[in-house]
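Asks: To convert, note that position 336 of the sequence shown is 960 in our numbering; the numbers rise steadily by one, no gaps.
Idealized CB from N, CA, C, for every residue including glycine.
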Amino acid sequence: MDIQMKTSDFYYELPKELIAQTPVEPRDQSRLMVLDRKTGEVTHRHFYDIIDYLNPGDCLILNDSRVLPARIYGIKEGTGARVEFLLLTCRGGDVWEVLTKPGKRAKPGMRYEFGGGLLRCEILEIIEDGKRLVRFEHEGNFYAALDQIGQMPLPPYITEKLKDKERYQTVYSRELGSAAAPTAGLHFTQQLLERLKEKGIRIGFVTLHVGLGTFRPVNEEKITDHKMHSEHYHLPAETAELINRTKQEGGRVIAVGTTSCRTLESVAAREGEIRESDGWTDIFIYPGFTFRVLDGLITNFHLPESTLIMLVSALAGYDHIMNAYKIAVQEKYRFFSFGDAMLII
Numbered sequence: 625m626d627i628q629m630k631t632s633d634f635y636y637e638l639p640k641e642l643i644a645q646t647p648v649e650p651r652d653q654s655r656l657m658v659l660d661r662k663t664g665e666v667t668h669r670h671f672y673d674i675i676d677y678l679n680p681g682d683c684l685i686l687n688d689s690r691v692l693p694a695r696i697y698g699i700k701e702g703t704g705a706r707v708e709f710l711l712l713t714c715r716g717g718d719v720w721e722v723l724t725k726p727g728k729r730a731k732p733g734m735r736y737e738f739g740g741g742l743l744r745c746e747i748l749e750i751i752e753d754g755k756r757l758v759r760f761e762h763e764g765n766f767y768a769a770l771d772q773i774g775q776m777p778l779p780p781y782i783t784e785k786l787k788d789k790e791r792y793q794t795v796y797s798r799e800l801g802s803a804a805a806p807t808a809g810l811h812f813t814q815q816l817l818e819r820l821k822e823k824g825i826r827i828g829f830v831t832l833h834v835g836l837g838t839f840r841p842v843n844e845e846k847i848t849d850h851k852m853h854s855e856h857y858h859l860p861a862e863t864a865e866l867i868n869r870t871k872q873e874g875g876r877v878i879a880v881g882t883t884s885c886r887t888l889e890s891v892a893a894r895e896g897e898i899r900e901s902d903g904w905t906d907i908f909i910y911p912g913f914t915f916r917v918l919d920g921l922i923t924n925f926h927l928p929e930s931t932l933i934m935l936v937s938a939l940a941g942y943d944h945i946m947n948a949y950k951i952a953v954q955e956k957y958r959f960f961s962f963g964d965a966m967l968i969i
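1) Determine the direct distance from the alpha carbon of aspartate 906 to that of serine 854, and round the result to whole angstroms.
2) For proline 680, count the other beta carbons within 10 Å of its own beta carbon; 16 or more makes it buried, fewer makes it exposed. Which is it?
3) Please list, in chain order, all residues of the same chain as lysine 956 whose beta carbon is under 8 Å from its beta carbon, the five residues on each side excluded.
4) Cα-Cα, which of Asp919, Leu692, Asp718 and Arg735 is closest to arginine 703?
5) Could you tell me which uninterrupted alpha helix (DSSP H) segments, each at least 4 residues in length, are contained entirely in the region 819-893, listed from first to last along the chain?
6) Measuring only the C-alpha atoms, how far is proline 911 from proline 693?
7) Quickly, what does DSSP pair asparagine 924 with across the bridge? List them, please.
8) Count the C-beta pairs between the region 804-811 and the region 862-869 that are closer than 8 Å, then say yes if the count reaches three, no if not.
9) Run through DSSP, which three-state label would isoleucine 954 get?
10) List in chain order: all unbroken beta strand (DSSP E) runs of 3+ residues lying wholly within the region 696-734.
11) Can you find at least 3 beta carbon pairs, one from the region 943-951 and one from the region 646-653, that sit closer than 8 Å?
12) Looking at valine 936 and leucine 918, is the spacing between their C-beta atoms short of 8 Å?
13) Check the C-beta distance from methionine 657 over to methionine 934 and give it rounded, since I have them as a contact under 8 Å.
14) Terminal residues of the continuous alpha helix (DSSP H) containing aspartate 771?
15) Within 8 Å, do at least three Cβ pairs link the region 666-674 to the region 705-720?
16) When the Cα atoms are used, what is the spatial distance from methionine 625 to phenylalanine 913?
17) Taking a contact to mean a Cβ-Cβ separation below 8 Å, would you say leucine 832 touches arginine 661 in this structure?
18) If we count Cβ pairs, one from each stretch, closer than 8 Å, do we get three or more for the region 719-736 versus the region 746-753?
19) Where do the N-terminal and C-terminal ends of the beta strand (DSSP E) with serine 802 fall, by residue?
20) Taking the alpha-carbon positions, what's the glutamate 637 to lysine 846 distance?
21) Have a look at Gly739, Val707 and Gly740 and flag the residue whose alpha-carbon is nearest the alpha-carbon of lysine 725.
22) Going by C-alpha to C-alpha distance, which of Pro806, Ile699, Ile878 and Val795 sits closest to arginine 729?
23) Using only CA atoms, which one of Leu686, Arg958, Ser930 and Phe959 lies nearest to arginine 798?
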C-alpha cells in the first residue's frame, strides 16, 4: 500500500439519517457486520452473535476507561457572564486542560464558578490549540462535584439529549478519565460477557483515556503530515501475561475498540514485547502499518477521512474497508458512537 495516501482517499458519502442519535436497547441488539480481512467477505449478524466468531482460548482486550461528565456550565466571577468548559486532561492535582466557550475571552487570572460555587477555578495560562490550563478549587471530592453538575460530552454529531448518563459508559468502565467513550464496548452487556467467559474466551483490560483529539479532523492533504493527539494509557501486568499466554497457546488477541488496539500496538512498538507499561501514546496507524499483536478488532463505523477509518483500513485492507462501508450505507447500518458494530477477523 502506498503510504503517500491522501486524506480524500478515505472519504465516503454518508446520508445524515444514518448517524445514530440514540443507542439501541438492549445494548447487544445492535447490528454486527463481520468482515473477513483476508477475503473482504461481509456477513450481516447481530452483536450478540459475536460469540459464534470467537473460539475458546481467544482473548478480548477491553478498555475500562470511564467517561467524565466533563461539560460544565458556569459564570464568570464579577460579571455573571455565562461560560461553558470542557475538561480534557488532568495535568496533576487540580490542574486541568480545558476548552472554553466563548473561547477568546478567557484570559489568565480570570475566575469562574460552577454549580453555584461547588467548583471554582482560575485560568493559569493559554496553551496550544487555544486550550486553557486552569486550577480548580472545591470542597470535598472533585469528581463527586463533577458528577453532580457535569454533563456527558457527547460528540458534536449527536444532537439528541442523553436520557441516561450510564448509556454513554461501557458496563465494565471503572477508571475515570476519558473525554469521550470507547464506543466499541458500548455493545456489551454483562450477560454477553458471562456467556463469552463460559465459552472459554478470556477477558483482559487496558486503560486508555480517550481525548477529544479522537474527533479532530485530518486537515492535511497527505495523511503522513497529520500530527496525532496524545493519550494516556496503562497496560497492567495481568493483561500482558494473558496476551502472551494466549499467543503462546495459539489463541487470537482481539481488541475491543481502536483505543485498545492503539494501546496494545503502542506497547509492542515501545517495549518490543507485551509487558506492563504506562505512558502516553500518539501512535498513528494507517495502511502500511505492521500489526504486532492484533488478530482481530471489534469497532464501530467511523467518520469519513478520520484517523480511525485509516486504522481499520490498515488492519483489514483499504479496498476491503471502503467496500464494507459502501455496503453498510446501502444496508442502512447506523454509524458512529451510538451506531452498529463491525468485527474484523
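Replies: Working from what's here:
1) Within the sequence shown, numbered from 1, the residue matching residue 854 stands at position 230. Within the sequence shown, numbered from 1, the residue matching residue 906 stands at position 282. Those two C-alpha atoms are separated by around 4 Å.
2) By 1-based counting over the sequence shown, the position of residue 680 is 56. Looking at its Cβ environment, which holds fewer than 16 other Cβ atoms inside 10 Å, proline 680 is exposed.
3) Along the sequence shown, read from residue 1 onward, the residue named residue 956 stands at position 332. Cβ within range, chain order: Leu642.
4) As a working note, residue 703 is residue 79 in the sequence shown. This sequence places threonine at residue 703; arginine is not what is there. It is Arg735 whose Cα lies nearest to the Cα of threonine 703.
5) 861-872
6) Position 287 of the sequence shown, counted from the first residue, corresponds to residue 911. Position 69 of the sequence shown, counted from the first residue, corresponds to residue 693. Straight-line Cα distance between these residues: approximately 34 Å.
7) In the sequence shown, residue 924 corresponds to position 300, counting from 1. DSSP output for asparagine 924 lists Ala965 as bridge partner(s).
8) no
9) In the sequence shown, the residue the question calls residue 954 occupies position 330. For clarity, residue 954 is glutamine in the given sequence; the question names isoleucine instead. In the structure shown, glutamine 954 sits in a helix (DSSP, three-state: H, G or I).
10) 706-716 and 719-725
11) no
12) Taking the first residue of the sequence shown as position 1, residue 918 is located at position 294. Taking the first residue of the sequence shown as position 1, residue 936 is located at position 312. Going by C-beta atoms, leucine 918 is not nearer than 8 Å to valine 936.
13) Taking the first residue of the sequence shown as position 1, residue 657 is located at position 33. Taking the first residue of the sequence shown as position 1, residue 934 is located at position 310. Rounded, the Cβ-Cβ distance is 18 Å, inconsistent with contact.
14) Residue numbering aside, residue 771 sits at position 147 when the sequence shown is read from its first letter. 766-773 is the extent of the alpha helix (DSSP H) around aspartate 771.
15) no
16) Mapped onto the sequence shown, residue 625 falls at position 1. Mapped onto the sequence shown, residue 913 falls at position 289. Legend: pLDDT at methionine 625 = 48, less than 50; position of this residue unreliable, no value from coordinates given.
17) Stepping through the sequence shown from its first residue, residue 832 is reached at position 208. Stepping through the sequence shown from its first residue, residue 661 is reached at position 37. Not closer than 8 Å, so no.
18) yes
19) Here residue 802 corresponds to residue number 178 of the sequence shown, with the count starting at 1. Where serine 802 is concerned, the enclosing beta strand (DSSP E) stretches over 799-802.
20) If you number the sequence shown from 1, residue 637 lands on position 13. If you number the sequence shown from 1, residue 846 lands on position 222. Cα to Cα, the separation comes out at about 20 Å.
21) Residue mapping note: residue 725 aligns to position 101 of the sequence shown, counting from 1. For lysine 725, the nearest C-alpha among the options comes from Val707.
22) Within the sequence shown, numbered from 1, the residue matching residue 729 stands at position 105. Comparing Cα-Cα distances from arginine 729 to each of Pro806, Ile699, Ile878 and Val795, the minimum goes to Ile699.
23) Position 174 of the sequence shown, counted from the start, is the residue given in the question as residue 798. Ranking the options by Cα distance to arginine 798, first place goes to Leu686.
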